[in-house]
Every structure is written in C-alpha cells, then in structure tokens.
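Below is one structure; the comments refer to it alone.
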Amino acid sequence: METEAFFGTYLVKRNLITEKDMLDALKYQSQETPSFIDMATRLSFLSMKDVYEILNYHAMSDYSFEEIAQKKGFLTAKQVEIITTEREKLRPPIGEILVLQNKIQKDVMPRELDKYHDIKSRYHDISEMLKSVKMFHDIPEHILETLAYIGEKVTCRPYDRIVAQNEEADCFYAVISGSLKVSKNSPDSPDNELFLYKITKNDVFGVSAIFESQRRMANVTCEELATLLKFEREQFLQFLKDYPKASYHILMFIIRRLLYRLYATSDELAMQQSNVHGQETDSTLNDVV
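Using the numbering used here, read the sequence shown as starting at 8 and increasing by one per residue.
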C-alpha cells in the first residue's frame with residue numbers, strides 16, 4: 008500500500024490526477040484487497056488468538072504487524088513472503104484503477120510508471136545504505152524506507168572539505184564508505200590544523216546540527232573516496248516528530264556516542280596540551296557530536 012500511495016502522490020505532484028482521485032483509487036484498492044491479517048488467517052498461518060497477541064505487541068512498537076509476527080515467532084519469513092505474494096495477486100494496481108475510473112489516459116500510464124520506478128529505485132538504494140549506519144540499526148525497515156526520501160547521496164574525493172570550521176550548521180551526514188578526518192584550526196597558525204579523530208564507514212557526524220542552528224566547531228575532510236548521506240535539519244526534525252519511537256533509539260545512540268567522543272577527545276587533548284591554548288579546549292569538546 009505504501010508503494011502504491013507514493014505512486015499516487017507522484018501523479019498528484021505531476022498534476023496528472025487530483026488528490027481526491029488518488030484517495031478514491033486507494034479506497035477502491037483497499038476494498039478489493041484482503042488485509043495481511045485476513046490472508047494470514049485464511050491460509051491458517053495465524054489463529055485469532057495469535058492476531059490478538061501480535062496486535063498487543065504492535066501497539067507498543069514502530070514495527071509493522073508482519074515484522075512483529077516474525078520477531079515473536081508467530082510467522083516465518085517464508086510464510087510472510089507467501090502471504091504478501093497472495094495479497095499482491097488479488098490487489099489491483101493503482102494505475103489500472105485510475106484508468107478504469109477514467110482519471111488518467113491509458114496511453115499516459117506506462118510512461119509515468121517508468122519514470123516513477125526510476126525514482127523508486129534510487130530511494131531503495133539509499134534505504135539499503137541506511138541499514139549499515141550504526142545510528143539506524145534499531146529502526147524498522149519500513150521506517151528506513153521513509154527516511155531514505157529525505158537523504159541526499161554525496162560522493163567525496165580525497166582532500167574534499169565536507170565541513171569547514173565556523174560555517175553555519177544546518178545538516179548532518181552518515182558515512183556509507185570511506186574515511187574522513189576531523190581537525191581544528193590551530194590558534195597559533197591559521198595554515199595549520201590540529202588532528203582530533205577519524206570518522207569511518209557506518210558512523211555519523213555533525214548531528215549537533217539536529218538540535219540547534221550553530222556554527223561548525225571543527226573541520227571534516229575526506230581522506231579516501233567516500234559515499235555520504237546528507238540530512239537537512241528541518242526535514243530530519245519532522246521525521247523525528249513523525250516517528251517518536253524511532254526517535255528514542257536515535258537519541259539514545261547520540262547520547263552514548265557523545266559520551267564516547269568526550270572520553271576520546273579528552274585523551275587526545277591531553278596528548279596535545281602543549282600545542283593547544285586552554286581556552287580552545289572547551290570549544291573543541293563542544294564538537295564531539
């Protein structure tokens with residue numbers, strides 16, 4: 008249903024149908040398609056008692072009904088696949104419904120479907136990348152698919168400056184591959200930088216920008232060919248509001264990471280103390296997120 012709904016939204020944004028057209032088509036599709044629960048019970052994979060227990064778990068989780076059914080051992084991955092396949096056989100495509108209801112011309116639909124699938128493929132790739140990022144390990148797959156739509160893929164080459172000290176911070180990055188260096192401008196020489204630490208794949212940096220608009224407290228430079236995902240502050244904040252349970256996991260990760268960076272940076276500063284003025288120490292610690 009999520010894929011079909013997004014295709015309908017795509018058609019609305021293209022001004023090919025109205026929002027009412029999309030909602031009418033989705034309502035018709037829903038009426039013609041058995042729910043996951045209906046199909047699972049129809050195939051005798053779940054009893055109504057099982058359904059009741061799963062729904063209780065579902066009320067306290069961001070996971071979908073089928074994901075919880077698997078995690079709690081009510082269904083196997085193979086059974087979920089069978090249920091999904093059987094539902095797909097009975098579900099009329101949204102495009103066919105719109106054509107049937109004379110909301111869009113029949114010859115227009117194939118062309119728009121091709122364009123839509125190209126877009127969908129790009130976001131699917133980002134969704135797969137997100138699975139490896141530590142900050143998102145506890146986030147359900149269907150929510151990662153939503154998060155993918157606000158992520159921007161960025162490719163960096165060695166010596167590229169991704170973040171510059173003192174520039175405005177309005178986004179953060181997840182590292183999919185490659186290695187980056189975090190450094191601080193030297194107070195003694197503007198041409199020199201003090202090395203702080205490295206950032207490697209599956210990590211994130213700049214996440215303090217999520218919580219408030221501020222200036223960057225350090226530099227981040229690419230050391231080897233890297234793939235990053237960039238998230239704008241306002242869009243990510245909206246994501247956190249929309250998925251509060253996912254937000255909890257993300258914020259707990261940030262807190263644990265902050266504590267780790269504080270200890271690590273304190274050790275680095277102790278080693279470099281002879282080269283760093285006392286007043287710079289506090290500002291360096293502020294950027295460990």
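Every residue, glycine too, gets a C-beta built ideally from N, C-alpha and C. Just so you know, these numbers come straight off a predicted model, no measurement behind them.
- For Ile133, the closest of Tyr156, Met116, Phe14, Pro117 by C-alpha to C-alpha distance is Tyr156.
- At a Cβ-Cβ threshold of 8 Å, Thr234 and Gly185 count as neighbours.
- Going by C-alpha positions, Lys56 is about 28 Å away from Gln36.
- Runs of alpha helix (DSSP H) with 4 or more residues, each lying fully within the region 91 to 122, are found at 101 to 107, listed in chain order.
- Closest in C-alpha terms to Lys237, from the list Ile101, Met136, Ile262, comes Met136.
- In this structure, the beta-carbon distance from Ala253 to Ile183 does not fall below 8 Å.
- Secondary structure note for Ile61: its alpha helix (DSSP H) is the uninterrupted segment 55 to 65.
- Unbroken beta strand (DSSP E) stretches of 3 residues or longer found wholly inside the region 135 to 184: 158 to 163, 168 to 170, 178 to 184, given in chain order.
- A distance below 8 Å between beta-carbons, with the five flanking residues on each side excluded, links Leu232 to the following residues of its chain, in chain order: Thr162, Cys163, Arg164, Pro165, Ser184, Gly185.
- Around the beta carbon of Leu105, 16 or more other beta carbons sit within 10 angstroms, so the residue counts as buried.
- Contact between the region 189 to 202 and the region 239 to 255 is absent: fewer than three C-beta pairs spanning the two stretches fall below 8 Å.
- Less than 8 Å separates the beta-carbon of Thr40 from that of Leu97.
- As computed with DSSP, Ala233 is found in a beta bridge with Cys163.
- The closest CA to that of Thr92, considering only His124, Ser42, Gln38, Tyr204, is found on Ser42.
- Going by DSSP, Glu74 is part of the alpha helix (DSSP H) stretching over 72 to 78.
- For Lys248, the secondary structure class from DSSP, reduced to helix, strand or coil, is helix.
- DSSP places Glu39 inside the alpha helix (DSSP H), whose first and last residues are 26 to 39.
- Leu23 sits in coil when the DSSP states are folded into three classes, being neither helix nor strand.
- Listed as beta-bridge partners of Glu200 by DSSP are Asn192.
- Beta bridge pairing from DSSP links Phe238 with Gly158, Phe179.
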